[in-house]
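The structure appears below as structure tokens.
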Ligand SMILES: Cc1cc2nc3c(=O)[nH]c(=O)nc-3n(C[C@H](O)[C@H](O)[C@H](O)COP(=O)(O)OP(=O)(O)OC[C@H]3O[C@@H](n4cnc5c(N)ncnc54)[C@H](O)[C@@H]3O)c2cc1C
Ligand code: SF4
Ligand code: SF4
Ligand code: SF4
Ligand code: SF4
Ligand code: FES
């Protein structure tokens, strides 16, 4: 790993050049004040300090709606056209929780059946991480064993330091970028890294006993105290950087030609598990709320050995009825210690 | 975009319906052949596996491959008309173009069944997945590797019995193979047994010795069959069944078919009763 | 409010009280469902009680017994609407009215407080509130930190209730809403308007929180949950999202009580209220009607037939 430094001015130049030469995706604020990752044309728009974006950068690997292929029934039979390619792109300014979340998604889309749509985009993207100098009050990444300056998952990790950013080059992809824009980087100095301090301010919840509790107890009286206020909307799962559920459907105009799509879906929706004939194995909000938290705190760990929640705080901020995973975690901890709340 | 030449598991292989057999009022069997002979050759399913059938413009559905892998050159699916895709499929006849991808899921563990007796208990369209294993076990040289085969099958009425040619004609002709058929309600045209599958099972009372029981059918039937089998002395490890959950991708990505940490599409649909009892009671 | 709830539960008049409880941190409160008199102490009421709890009455539709619900002025119009639609039975609900001097917008309060704090007491002060916490007093004015919707509030006290919790609010009701928010958009050029709404709708996640929180959305089977309806698909993109919003706006026309809940819940800040208020404004102009839900026996504009209907668009 190479340790470099880039001044604020040089970083602006780097972003301008990346935007010109490749597709640059970075956090930007729209006129309504909503922070989102989006394609940017010039460095001026890019936020170099921000609290977590309303939506994670997930959609640049796993878009909300994605065309899988086109089909047409013609004279010569049926033709399918695969739509799984991807352009080269640089994702800039990704916070450590979002970096970790991408690592949590990777094994879902890999495995015995490789998902070419996700994997192509992943392979064709370089990620420049950005440490958080001002974590939001909802953040609790420390709970999952990392902090606001953790670079794992990025190709280059930037951490505010002195008059610019320390740049840790972590992978070959990162090395390639540095090599192409050598003039902009310097050798790292010894100014202290600012995010070192923010590490202390991020909330660390105690996960002790929770996995074990959920392993042994599918039915818990506790869920009865949580589900009733849930609206069954898709917010918590759609703002979550690690949620990966989708639905597949066809759209065709005229009957002969058409396309097959996938779109995000959510286990909080009634229709998610509704089967033909009307049987629904998760008939009420209780089963659905339980499934979401079980997935975050147990199932994902069981399947992939990785946390299903990275503590980004987005669902905490956006849930309209204040179903707060931080409170769920501390309540479940309490239940595991005392058998009840 | 669209520039990638990879193995894309979401892309169905074009196939053509060769023959359609009316099984009951709402069940039809479809024999299909891949348009590309190489695909036909390399499509290697195991008994109990499923495929995703596409009608382009309508969608996809998960359907068990009911034909045994010993039957070369075609794939057969028996489909009950229940919703959008299945209804659209029922409207298709020979020559119609569809898409098929798979095979997906695990299969009936016939390796461990060798040398044992087998008891099949099926209800309604639930015979479809069992049939791939029954035909596999009965086929040619395979027959010698397995012991006695007993098949208990039932449906609501005579008209609801699927695969009548197999249950009434073909299967009973095999050595050491007994077929018991029942219908739920009495019918003038029916000389055979009348009663529900679980109670018929208790009447027939197959011995659990050196035997595997494999069951599939409507959830309520499965529930009582499992209880009856346990009562008759079958251990949980001897009992094998298949689970149904709503599916879309079939390959462990779309997240909807989970029961606890397991995806029915990848880790199932075949489970032993002991495995089932480890899973959360979500079905 | 706590005493009312305790009495109602103890006397068996109701078996459930739906109200607000402490949320996580100062910025949030959370809906609570109180079934035991001894839990009534969990209820709170402060200027961060933004949720409209009336939607939860729909979950009680087929349940035994009577449920009490806490409502602010704006929320109370929704109770009337649901009764008019026969979605709920007046006999099966007990309405605890809450006086309201306006709700604070958590996003506008956020920067100014330590989010870990808890509100110990709320004092109405001048045109706003003092929130008293262990760390001291935070003062907010409605002009500076209030919810947008409260600036046009026409009912600071519930229009229907069985009991009022506390003295009625003396904050003056706005009698003639100028619909300034709507007019501001109407003044835009066509291009500006379309750019504005395109930007909003392209952000939409189709999470359906707006629908699920809306008391006017009470259909058992919603068109947006079906696949292949031909009207609007499940794809999330500008054209489908626009279709979704226009269909929804027209579908709640004449039933939207202007409680602002859809806009409050939207995670990506889409100004949904102004969309619904455009229709409300036109309904008022065309038919000279009141905001839906203002009176218990009010008729629905679009649910009735009148021979002197201007029929401008037919
Ligand atoms: C492992 C497995 C094996 C199956 N084998 C057979 C079989 O051999 N023959 C047969 O007739 N049926 C079988 N089914 C059931 C069959 O998948 C559903 O009946 C079918 O998907 C309904 O599709 P539809 O479009 O007609 O219904 P709709 O109600 O219109 O459903 C829309 C979509 O939801 C999904 N879906 C709905 N119900 C189910 C369901 N019960 N299971 C899985 N996905 C569902 C499908 O993706 C379907 O396309 C099997 C299901 C599973 C899980
Ligand atoms: S937990 Fe909150 S965000 Fe998630 S579905 Fe329920 S109400 Fe919506
Ligand atoms: S569950 Fe909530 S806090 Fe955890 S990663 Fe998802 S959105 Fe972030
Ligand atoms: S099952 Fe629910 S919580 Fe898990 S990834 Fe899917 S939508 Fe998210
Ligand atoms: S709440 Fe907002 S993001 Fe969600 S569906 Fe409604 S408008 Fe779209
Ligand atoms: S069907 Fe998609 S994960 Fe199983």
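Chains as they are written, first to last, in the working numbering: chain A, 584 to 924; chain B, 797 to 1079; chain C, 52 to 365. Built from N, CA and C at the ideal position, the CB exists for glycine as well. As the structure is a computational prediction, the values presented were derived from the model and not from experiment.
Quick one: give me the first and last residue of the beta strand (DSSP E) that residue i is part of.
{"i": "residue 175 (chain C)", "result": "172 to 176"}
{"i": "residue 740 (chain A)", "result": "739 to 744"}
{"i": "residue 842 (chain B)", "result": "No beta strand (DSSP E) holds residue 842 (chain B); DSSP gives it neither H nor E."}
{"i": "residue 830 (chain B)", "result": "823 to 830"}
{"i": "residue 978 (chain B)", "result": "973 to 979"}
{"i": "residue 619 (chain A)", "result": "618 to 622"}
{"i": "residue 875 (chain A)", "result": "First-last for residue 875 (chain A): 868 to 877, but that is the alpha helix (DSSP H), not the beta strand (DSSP E)."}
{"i": "residue 245 (chain C)", "result": "Premise fails: residue 245 (chain C) lies in the alpha helix (DSSP H), 241 to 254, not in any beta strand (DSSP E)."}
{"i": "residue 606 (chain A)", "result": "606 to 612"}
Return the CA-CA distance between residue i and residue j, expressed in angstroms with no decimal places.
{"i": "residue 930 (chain B)", "j": "residue 640 (chain A)", "result": "50 Å"}
{"i": "residue 863 (chain B)", "j": "residue 697 (chain A)", "result": "27 Å"}
{"i": "residue 811 (chain B)", "j": "residue 654 (chain A)", "result": "14 Å"}
{"i": "residue 119 (chain C)", "j": "residue 98 (chain C)", "result": "21 Å"}
{"i": "residue 287 (chain C)", "j": "residue 836 (chain A)", "result": "18 Å"}
{"i": "residue 945 (chain B)", "j": "residue 938 (chain B)", "result": "12 Å"}
{"i": "residue 821 (chain B)", "j": "residue 948 (chain B)", "result": "22 Å"}
{"i": "residue 275 (chain C)", "j": "residue 290 (chain C)", "result": "14 Å"}
{"i": "residue 830 (chain B)", "j": "residue 1065 (chain B)", "result": "24 Å"}
{"i": "residue 589 (chain A)", "j": "residue 628 (chain A)", "result": "19 Å"}
{"i": "residue 744 (chain A)", "j": "residue 890 (chain A)", "result": "30 Å"}
{"i": "residue 326 (chain C)", "j": "residue 302 (chain C)", "result": "12 Å"}
{"i": "residue 318 (chain C)", "j": "residue 821 (chain A)", "result": "10 Å"}
{"i": "residue 917 (chain A)", "j": "residue 718 (chain A)", "result": "27 Å"}
{"i": "residue 914 (chain B)", "j": "residue 693 (chain A)", "result": "37 Å"}
{"i": "residue 851 (chain B)", "j": "residue 1044 (chain B)", "result": "14 Å"}
{"i": "residue 1078 (chain B)", "j": "residue 864 (chain A)", "result": "6 Å"}
{"i": "residue 827 (chain A)", "j": "residue 216 (chain C)", "result": "45 Å"}
{"i": "residue 756 (chain A)", "j": "residue 767 (chain A)", "result": "17 Å"}
{"i": "residue 695 (chain A)", "j": "residue 1060 (chain B)", "result": "15 Å"}
What residues from chain A crowd round residue i, counting only those whose CB sits closer than 8 Å?
{"i": "residue 275 (chain C)", "result": "The contacting residues do not exist; residue 275 (chain C) stays about 10 Å from chain A at best."}
{"i": "residue 970 (chain B)", "result": "Within 8 Å Cβ-Cβ: nothing; residue 970 (chain B) doesn't reach chain A, min ~34 Å."}
{"i": "residue 1057 (chain B)", "result": "881, 882, 885, 886"}
With a cut-off of 9 Å, does the C-beta of residue i fall near any C-beta of chain E?
{"i": "residue 843 (chain A)", "result": "Checking the listed chains, one finds no chain E in this structure; the protein chains it contains are A, B and C."}
Check whether the Cβ atoms of residue i and residue j sit closer than 9 Å, and answer yes or no.
{"i": "residue 184 (chain C)", "j": "residue 170 (chain C)", "result": "yes"}
{"i": "residue 52 (chain C)", "j": "residue 147 (chain C)", "result": "yes"}
{"i": "residue 609 (chain A)", "j": "residue 674 (chain A)", "result": "yes"}
{"i": "residue 77 (chain C)", "j": "residue 56 (chain C)", "result": "no"}
{"i": "residue 75 (chain C)", "j": "residue 102 (chain C)", "result": "no"}
{"i": "residue 824 (chain B)", "j": "residue 818 (chain B)", "result": "yes"}
{"i": "residue 672 (chain A)", "j": "residue 707 (chain A)", "result": "yes"}
{"i": "residue 268 (chain C)", "j": "residue 315 (chain C)", "result": "no"}
{"i": "residue 311 (chain C)", "j": "residue 151 (chain C)", "result": "no"}
By the criterion of Cβ-Cβ separation under 9 Å, what are the contact partners of residue i in chain A?
{"i": "residue 256 (chain C)", "result": "638, 647, 817, 818, 821, 822, 847"}
{"i": "residue 890 (chain B)", "result": "In chain order: nothing, as chain A lies at least about 16 Å away."}
Below 7 Å on C-beta distance, what does residue i contact in chain C?
{"i": "residue 901 (chain A)", "result": "318"}
{"i": "residue 789 (chain A)", "result": "Per Cβ cutoff of 7 Å: no residues; residue 789 (chain A) is ~16 Å from chain C at best."}
Could you work out which residues of chain B lie near residue i, taking near to mean beta carbons separated by less than 9 Å?
{"i": "residue 827 (chain A)", "result": "1049, 1050, 1051"}
Span of the alpha helix (DSSP H) holding residue i?
{"i": "residue 190 (chain C)", "result": "No alpha helix (DSSP H) contains residue 190 (chain C), which is instead part of the beta strand (DSSP E) from 187 to 192."}
{"i": "residue 690 (chain A)", "result": "679 to 692"}
{"i": "residue 899 (chain A)", "result": "897 to 901"}
{"i": "residue 967 (chain B)", "result": "No alpha helix (DSSP H) holds residue 967 (chain B); DSSP gives it neither H nor E."}
Residue i touches chain B at which residues, Cβ-Cβ below 7 Å?
{"i": "residue 914 (chain A)", "result": "Simply none; closest approach about 20 Å."}
Thinking residue i and residue j are a contact (beta carbons under 8 Å), I'd like their distance in whole angstroms, please.
{"i": "residue 843 (chain A)", "j": "residue 652 (chain A)", "result": "6 Å"}
{"i": "residue 900 (chain A)", "j": "residue 721 (chain A)", "result": "5 Å"}
{"i": "residue 794 (chain A)", "j": "residue 881 (chain A)", "result": "6 Å"}
{"i": "residue 648 (chain A)", "j": "residue 913 (chain A)", "result": "Wrong, their Cβ atoms sit about 36 Å apart, outside the cutoff."}
{"i": "residue 1017 (chain B)", "j": "residue 1002 (chain B)", "result": "Actually they are not in contact, since the Cβ atoms of residue 1017 (chain B) and residue 1002 (chain B) sit about 17 Å apart, beyond 8 Å."}
{"i": "residue 145 (chain C)", "j": "residue 213 (chain C)", "result": "5 Å"}
Taking Cβ-Cβ distances shorter than 8 Å, what residues in chain C pair up with residue i?
{"i": "residue 617 (chain A)", "result": "254, 319, 320"}
{"i": "residue 769 (chain A)", "result": "What residue 769 (chain A) touches in chain C: nothing, since even the nearest Cβ is about 35 Å away."}
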